[in-house]
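Right, one structure below, let's go through it.
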Amino acid sequence: MDRGSARRGNRVRGFAEGASFAPPRGAPPSRLVRRLLHVARGARPRAGGRRAQKARRRCDPGRALARAADARRRAPCRAGRAHGMTPVFLVLVWLVVAMLGVASLSVFERSSRNRVRLDRPELAPPRKVWGGGPLHPPSRAATARALAGFARLVRRRTRVVDHRPGLRRGSRVLGCSALVLGLAMLPIAGNWGGAPGSALLLLDLEGGLVAVLLVLLAMAFARIALGLSERSAWSRMGAARQTSRAIAGTSLLVLAMIPLAIDAASLRLHDLVVDQQQTLWPVAGFGRLFGPEVAAGLEAWPLPAWNLFTQPLTAILFAAAISLWVSSPRADVPGAGLVGITGFGLDADAGELYWIRVESRLAAVFAAGLFVTLFLGSGGLPFLDPTGLVDSAEPFLGRGVPEALVTLLHVSVFAVKLVFVLFVASRVARMAAASRDDRSLRLATRRLLPVAWANLLLVAALALWLEGLPGVAS
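Letter by letter, the sequence shown follows residues 27 to 500 in our numbering.
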């Protein structure tokens with residue numbers, strides 16, 4: 027018997043036994059069965075194929091309402107994803123700016139060490155025997171120097187009985203954490219697209235200036251604790267002098283920051299930056315006197331009211347106060363005949379030298395970034411309105427791309443200003459003489475503090491006088 031007759035025999039046997047030949051329960055019905063059921067229910071078969079059906083679905087008002095509701099439900103999710111990307115962008119910006127500042131500061135320090143001074147030949151770098159050029163390590167030894175530095179970092183530490191390891195570790199953590207929080211408070215990115223609104227900040231505090239003082243106090247406590255944890259009496263004496271520097275620097279810094287808060291009527295760092303991006307009020311007032319055309323031209327090319335121009339004495343006092351925080355006192359080591367930095371770990375081994383340099387450079391970068399924020403308008407450019415750039419480029423590129431470019435421009439300008447301030451500070455430190463610690467404290471307490479009080483009273487009186495003028499208030 028062939029296969030066909032066997033299949034027919036099985037089918038007949040199945041009918042006789044009452045078996046069902048319906049498709050499995052989970053299988054979908056065929057296209058012919060769906061069409062027959064549709065006709066049996068009294069409805070007409072849809073013509074035009076799948077394209078016509080899709081067109082009718084798109085034109086269906088009920089489906090359009092359902093899509094709108096679904097879009098409204100998905101909108102918070104998309105906004106949440108965009109809000110979640112903002113901290114990632116800010117962290118990347120923070121890392122790039124901090125690394126750029128540390129790298130540029132190391133380059134400036136190296137160039138200052140290798141620069142020849144004709145008036146101080148004893149400070150000149152070592153020279154080659156033949157040729158007279160500066161003596162540098164050969165470039166072929168760069169890999170060996172890198173491996174040697176890594177070996178110093180990972181080798182077993184030297185245990186000193188008089189050291190207090192818990193105090194040292196806690197001081198390192200406190201100092202580095204304070205500097206990281208301080209850098210996170212700086213308005214590096216400004217607003218998105220330069221438009222008024224919420225600031226792009228990792229840590230936006232209403233009392234930003236007070237938080238800056240707390241960060242500097244934490245950094246001073248860390249340095250004092252490091253000096254006290256050393257076994258050398260010179261380091262402990264340096265820690266005591268670091269305490270006196272912290273007290274003098276705090277008083278001078280408070281008197282230098284109060285005029286800024288009075289001028290901006292706020293303690294928030296972003297509000298201080300926004301206040302500096304406005305038009306300089308004396309220029310605007312003189313422009314109104316010469317007619318509306320001159321006033322319109324000044325509004326089109328705004329001259330920013332940077333605190334460096336409006337309060338130059340405050341900027342000088344702030345630079346002197348912040349230098350007391352960043353720098354450390356020096357102590358003579360008579361046994362070795364050297365001059366070492368106290369309070370940083372004078373007795374530390376070669377492995378901690380890395381952390382000493384990182385902390386000192388991060389402190390310098392934070393001080394420079396704070397100066398850029400408070401006196402140079404953060405990432406703002408003079409004679410440039412960012413909202414005008416976005417509006418002019420919107421017909422061609424849309425709204426998102428110009429806003430992103432303006433934000434990146436703000437970050438780039440902030441980085442350039444930061445590098446410029448670090449360059450000027452390194453050159454001033456190179457040209458100026460290293461004064462003794464007692465002379466620096468005497469200068470700060472007996473000369474700069476009275477000047478800071480006079481500057482504070484002058485700014486407060488000017489603020490009260492300008493508040494009563496109708497032209498300035500408008």
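Note that beta-carbon positions come from the ideal geometry of N, C-alpha and C, so glycine has one too.
- By the Cβ neighbour-count rule, Glu-385 is buried, with 16 or more other Cβ atoms within 10 Å of its own.
- With 16 or more neighbouring CB atoms inside 10 Å of its own CB, Glu-256 falls in the buried class.
- Inter-residue distance for Ala-390 and Trp-491 is about 37 Å (C-alpha atoms, whole angstroms).
- Out of Ala-172, Gly-208, Cys-202, the CA that lies nearest to the CA of Ala-394 is found in Gly-208.
- Taking a cut-off of 8 Å for Cβ pairs, the segment 428 to 445 and the segment 118 to 130 touch, as three or more such pairs fall below it.
- Gly-175 and Gly-196 have their C-alpha atoms some 24 Å from each other.
- The segment 259 to 274 makes no contact with the segment 293 to 302, as fewer than three CB pairs between them are under 8 Å.
- DSSP lists Ala-225 as the beta-bridge partner residues of Asn-217.
- For Gly-201, the enclosing alpha helix (DSSP H) begins and ends at 191 to 210.
- Pro-318 carries a helical assignment under DSSP once its states are collapsed to helix, strand and coil.
- Distance from Leu-474 to Leu-286 at the Cβ level is roughly 17 Å; contact not present, criterion being Cβ atoms closer than 8 Å.
- Between Ile-214 and Val-437, the C-beta gap is smaller than 8 Å, which places the two residues in contact.
- Leaving aside the five residues that flank Val-352 on each side, the residues in its chain whose CB is nearer than 7 Å to its CB run, in chain order, Ala-389, Ala-390, Ala-393.
- Put simply, the segment 405 to 421 does not touch the segment 461 to 473. Fewer than three CB pairs are less than 8 Å apart.
- Within 10 angstroms of the beta-carbon of Gly-426 lie fewer than 16 other beta-carbons, which makes it exposed.
- For Leu-116, the closest alpha carbon among the candidates Ala-172, Ala-237, Thr-471, Trp-218 is that of Trp-218.
- Less than 8 Å divides the Cβ of Leu-396 from the Cβ of Leu-212.
- Of the residues assessed, Ala-341 falls on the buried side of the cut-off, its CB having 16 or more other CB atoms within 10 angstroms.
- Of the residues assessed, Met-457 falls on the exposed side of the cut-off, its CB having fewer than 16 other CB atoms within 10 angstroms.
- Straight through space, the alpha carbons of Arg-171 and Leu-293 are spaced by roughly 47 Å.
- In the same chain as Pro-428, and ignoring 5 residues on each side of it, the C-beta atoms closer than 6 Å to its own belong to Val-416, Ala-419, in chain order.
- Within 10 angstroms of the beta-carbon of Pro-330 lie 16 or more other beta-carbons, which makes it buried.
- When the beta-carbon positions are compared, Leu-279 and Leu-229 stay at least 8 Å from each other.
- If you ignore the 5 residues before and after Leu-482, its C-beta comes within less than 6 Å of the C-beta of Leu-281, Ile-284, Pro-285, all in its own chain and listed in chain order.
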